[in-house]
Structures are given as C-alpha cells and as structure tokens.
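A quick write-up on the structure given underneath.
Chains as they are written, first to last, in the working numbering: chain A, -13 to 339; chain B, 102 to 391.
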C-alpha cells in the first residue's frame, strides 16, 4: 500500500504547484528560406528575436523553408492551432495564403512583408528600400576603378528594378561614366546561378558587385574569392563574409516595428496599415569595411543623411537607358509608384522586362 | 568580345557542365543495365548536402566528395532493393527516391546552412572534379564497351533473360550498376555545393537532375556523347547569364528559359529516332525465368 500513499502524496503536491504561466502572446513566423542565410530571412529572425526580448512572456513559433505555396497555409494554420494570435508571413509569395487564412481567422492578426493586400486583420509592411540604395550607389561609384558595377537580381519585379535604378542614380552622381550591369537569375534563391551570375559580371569588368536576392552570401563569397568589392543587402551580418572586399551594405531593422505591432495586438489596438518606412527606421546602413577611405565614408553618410531628410532621387527629369524621358521635370515618383518600374535609368545596361 | 572574355565563357561552360556530366554518367550506367532512375535529382541533392556536411566537419573538401559518393551509393542501393528485389515499378520508385532525397538532404544539410567551407581548390585552371570529368567519361565508355563486365551489364539491359540463361546474375549486375551510378550522381551534386556555389541550400540542384536524365537520351546512352551533351546544356545555362551581363537586349525572363527550352527541343526532335537506341529492357523488371 506504500505505492498508493506515494501516489496520493504526489497528487496533492501537484495541486499545490504553481500553474505554468501562459504566454501573453504567441507569435508565429514563416520564412521562405533558412535563418542562417546572412540575408533577408536572418534579418526577419533578428527582428522577431528583438521583439521577443522586448516583450517578456512572448512565445515565438518559427518555421523555416516554407515554400510560397499552399503548404504555407497549412503551416500557418498549425501555428494558429498552437495559439498564435499574430502571424508574420515574411516572404512576398506568402501573401495570398496568409490573406486566405486572415478571412478564416478574424481573431488572428496577420502581417505580410512586401505586398499590398490589407483587411481588418491583415496589414502589410516593408522597408522603402529604393531611396536607401542611393548612398550605396555613391559608395560603389567612388570605389570602382573600372567604372563598371555588377548587380545580381533575383526576380525583376518593379521594386527590385527601383533598387537598381536608385543604385545607378547614386553611382552616376559621383561618377558620370559608371555603368551598372544587371544579371537576373529568375529566382529569389538559386545559389548555383548566383555564383555563375557573379562570375559573369566580374568577367565583364565589374569590380564592385551587389545584389537583390534572398541571401547575399554566395555573391559576396564569389566576389571575395575573385578579389572584387562587394556591397551587402538584407542583413548587416553579411559583412563577416568579406573581410577584404566589404564596402558597406543595407540591413533591415524590423525589430521596432515588430515590437510595436506585438504590443498593439496585446493591447487590442491593432490597426491595419501599409507601412513603408525607409532609411533610419526600417533599414539602416551597415558599418563600412576597412577598404573605404574616410572621404568616401563622409560622402556616403552625407547622401544617407540627405535621403533620411526626405530627398527623393526619383525627381524628374529622368530618362531611361534608351533616352526616353520617363519622369518629367517637376514630377517625382513617390513610394506608391515604386512597384511600377519596368525601365532602367541611363547608366544601366540591358532590358528590364 | 576579346580573347579573355571568350576564354572566360569557355571555362564557365566547362565548369557548369561538370556536375551535369557526372549526373548524366550516373544515370547512364543504371539505364544501360535496364533501370531508369527518376530519382536522380534526389541523389544529387543527397550528394550536395553530404559533401558539404563532410567538408564542413572535416575541413577537407575531398573527404566531402568521398562522403557524398558513399551517400549516393547508399541511396541508389536502397532504390535498387525496392526495384530489383521487391519488383516495384521503376518510375514510381524513382520519384519516391527524388522526394526522399529532397527531405534527407534538407535534414543532413540543416546544421550546416550558412557554414563557410573551404571549397575544392583550383589545380591550375579548374578543380579536380572538372579535370576528371572527361577522363571519367572515357573510362566509363571503356568499362561499358571494352570489358566483360560491361558486356554483361549491357546484356542485362537489352535482354535480361538471355543474360540469365548465359549464367549471369542480372540482379547482382543491376545492383553494381546502381552503386556506380549513385556514386557518380552524388559526386555531380557535390560539385555544385563544393565548387560552384560553396554553400548548401535546400533544393539547390534546381532541376539539374531531370536535365541529366534527358541528356542520357540525347547521348544515345553513350558516355562520349554525354560529354558533348553536358557541355551544350551546361553552356546554355552559364552563357545565358554571361549574355545578360554583356547587356544583350533580350528579356531576362526569356534568357532564363533557354536551357529548359533547349532540353525540350532536343527531346522532341532528336528523341524521335534516338528511342530505338535505348536498351531494350529499360524500365522493365526482370523477375526471373520460370
């Protein structure tokens, strides 16, 4: 009968044990790739970790390598079953699937990165990256000796072409002879093609390469192995990959926005919005590499400062690379037109679409 | 276009075609023995992830390649057991192998995503696997067409009943062919992660396994033609990127389609009279003579 006594003892003990505190908020996040990519997914993960650290009692559910297909819906549904009340769908292609779920679960808040859809419980956020590329162009234009810059682009949507254009405008502002060569790989992440694309650009004479793909790692590593400069994008962590060739870069700083959103969900005060903040808020300049001289650093910082204070590089008159005026004198393309780019500015070699 | 650029384009073609060539040779050996392996994509992925993991753990890229080969052999032997000893449908089993490879490679590679490894070092202009590509092709040709084992293998692929009657063991020979094929296919994958991209990412072969399967048909099941095929297709992929960098005035969407369009065209026009060159018993399971 001793075992029965121990059983009853244990039972009464468990009644006295304090209940495990339920998390104040369970947040779910899906990534299209791996968080170890030194790039986009890493930046999202860093932002969410900052949010989790800022709000004690937050539980974070993460799923990596979630494809941009119905599978995403299944995984997000699973997170909602586990109690998630705020879901971050971090890749462009997750939009429709998150939106479908938002209709099914009106009590769960969804935040999608990079799209345009909105509803009562579905908001959209991203960084206004285009203008931020202008100081990157200034850095590249000052550092290039061959007057050729290389840009590896994943999928040539309007926003990406806008980035390339701002980069070219910045470079041309310090070097009127500079040319930007673009290679499109066709996918946000195809390491084999990115490596070949970078090599091709370097073969064509580019001595500064940069990119808009999910992970800057492959492009930067190939550039470093061939002794050319690189400029990073998506995550500041990428500078570790190129001790010699790193110039500067752009990194997303999602943390403050994510923390504010989580707080608004906890307080029940969430308001859907289309958030597109730029340099100084959602995106920041990476530290300069050792190769960049003081004078150039000052120039780049000055350009970044100009952008933060509201300078719009897309102020007319601006002609495309065939000579046709696309932005007339007196006009300026603002944030809402950034997705409309299907032409390259003068100085960019090639066809946009 | 000057000489240095032309040289750069040629070398990119050769390097890009190498992983395709190894994969094609791997598939070719199996098909010559009568087994079509649609899971080549999975085997390449297993090779890529195991090779990368091996190089990351040991610090030696050659050990990575060795690890990849061993993993490829294991994967193909597993497929072989299902198809040879249990008599499963080869096409279905092959596709299962592909999905298995997708998942297994992701599992193997997961702890190593973002790791920085020393890739295959360049010996002169190219790394070792590129230098060995053409000799491997020649060696395989010699093996298939100038040795007794090769003759038995081809006999099993054409008429396994006849080979069986002659005292050969078709199942054993098919196992051996698959083992060799698995090693070659996995090495093709390892070249991608250890020489081309210097990284591992889920699904990084991006369909190259299937292009390799098409190349076997293009090559008329002959290792020497496979060399030409790999250069053509590897070149198509590498060159379209070079042409984009050159600033050619064609939409980048069309440029990225070129390797796949080429594959399709080749299969449609050349596949016609080349099908007669296929091993007669390809795809059929030999279940013994009653």
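We treat Cβ as the ideally placed atom computed from N, Cα and C, and that holds for glycine.
These figures come from a predicted structure and were not determined experimentally.
Residues near residue i in its chain [Cβ-Cβ closer than 6 Å; skip 5 each side]
| i | result |
| --- | --- |
| residue 278 of chain B | 130, 131, 134 and 254 |
| residue 157 of chain B | 213, 216 and 218 |
| residue 336 of chain B | 114 |
| residue 301 of chain A | 318 |
| residue 303 of chain B | 207 |
| residue 381 of chain B | 259 |
| residue 257 of chain A | none |
| residue 38 of chain A | 44 and 46 |
| residue 154 of chain B | 209 and 213 |
Cβ neighbour criterion (16 or more within 10 Å) applied to residue i
| i | result |
| --- | --- |
| residue 297 of chain A | exposed |
| residue 94 of chain B | Examination of residue 94 of chain B is not possible in this model, given that chain B is present from 102 through 391 alone. |
| residue 366 of chain B | exposed |
| residue 32 of chain A | buried |
| residue 350 of chain B | exposed |
| residue 279 of chain A | exposed |
| residue 241 of chain A | buried |
| residue 142 of chain A | buried |
| residue 186 of chain B | exposed |
| residue 311 of chain A | exposed |
| residue 369 of chain B | exposed |
| residue 198 of chain B | buried |
| residue 289 of chain A | buried |
| residue 181 of chain B | buried |
| residue 77 of chain A | buried |
| residue 107 of chain B | exposed |
Cα-Cα separation between residue i and residue j, rounded to whole angstroms
| i | j | result |
| --- | --- | --- |
| residue 227 of chain A | residue 128 of chain A | 22 Å |
| residue 285 of chain B | residue 81 of chain A | 41 Å |
| residue 187 of chain A | residue 133 of chain A | 13 Å |
| residue 294 of chain A | residue 235 of chain A | 16 Å |
| residue 145 of chain B | residue 288 of chain B | 7 Å |
| residue 230 of chain A | residue 121 of chain A | 20 Å |
| residue 16 of chain A | residue 172 of chain A | 22 Å |
| residue 266 of chain B | residue 245 of chain B | 20 Å |
| residue 122 of chain B | residue 104 of chain B | 26 Å |
| residue 349 of chain A | residue 232 of chain A | Examination of residue 349 of chain A is not possible in this model, given that chain A is present from -13 through 339 alone. |
| residue 150 of chain A | residue 323 of chain A | 15 Å |
| residue 161 of chain A | residue 299 of chain A | 16 Å |
| residue 358 of chain B | residue 169 of chain A | 14 Å |
| residue 52 of chain A | residue 244 of chain A | 20 Å |
| residue 308 of chain A | residue 138 of chain A | 21 Å |
| residue 327 of chain A | residue 48 of chain A | 33 Å |
| residue 209 of chain B | residue 143 of chain B | 13 Å |
| residue 316 of chain A | residue 181 of chain A | 42 Å |
| residue 237 of chain A | residue 219 of chain A | 6 Å |
| residue 94 of chain A | residue 71 of chain A | 5 Å |
Neighbourhood of residue i by C-beta distance below 8 Å, restricted to the same chain and skipping five residues each side
| i | result |
| --- | --- |
| residue 178 of chain B | 276, 279, 280 and 283 |
| residue 165 of chain A | 133, 134, 135, 333, 334 and 335 |
| residue 209 of chain A | 184, 188, 195, 215, 216, 228 and 231 |
Test item: CB-CB of residue i and residue j under 7 Å
| i | j | result |
| --- | --- | --- |
| residue 215 of chain A | residue 194 of chain A | yes |
| residue 305 of chain A | residue 338 of chain A | no |
| residue 248 of chain A | residue 11 of chain A | yes |
| residue 28 of chain A | residue 21 of chain A | yes |
| residue 119 of chain A | residue 152 of chain A | yes |
| residue 84 of chain A | residue 262 of chain A | no |
| residue 296 of chain B | residue 347 of chain B | no |
| residue 86 of chain A | residue 260 of chain A | no |
| residue 106 of chain A | residue 96 of chain A | no |
| residue 343 of chain B | residue 110 of chain B | yes |
| residue 66 of chain A | residue 91 of chain A | yes |
| residue 139 of chain B | residue 192 of chain B | yes |
| residue 338 of chain B | residue 353 of chain B | no |
| residue 125 of chain B | residue 362 of chain B | no |
| residue 178 of chain A | residue 298 of chain B | yes |
| residue 213 of chain A | residue 117 of chain A | no |
| residue 325 of chain A | residue 145 of chain A | yes |
Rounded distance between the beta-carbons of residue j and residue i, thought under 8 Å
| i | j | result |
| --- | --- | --- |
| residue 217 of chain A | residue 125 of chain A | 7 Å |
| residue 225 of chain B | residue 137 of chain B | 37 Å between Cβ atoms; not a contact. |
| residue 242 of chain B | residue 141 of chain B | Actually they do not touch by this definition, with Cβ atoms about 20 Å apart. |
| residue 322 of chain B | residue 256 of chain B | Not quite, the Cβ-Cβ distance comes to about 14 Å (not below 8 Å), so this is no contact. |
| residue 318 of chain B | residue 364 of chain B | The pair is not a contact, with the Cβ atoms about 10 Å apart (cut-off 8 Å). |
| residue 175 of chain A | residue 211 of chain A | Going by Cβ atoms, the distance from residue 175 of chain A to residue 211 of chain A rounds to 20 Å, so no, they are not a contact pair. |
Other residues of its chain near residue i: CB distance less than 7 Å, five sequence neighbours each side excluded
| i | result |
| --- | --- |
| residue 149 of chain B | 206, 290, 291, 293, 294, 301, 305 and 306 |
| residue 235 of chain B | 328 |
| residue 203 of chain A | 23, 24, 25, 224 and 227 |
| residue 172 of chain B | 147, 148, 151 and 287 |
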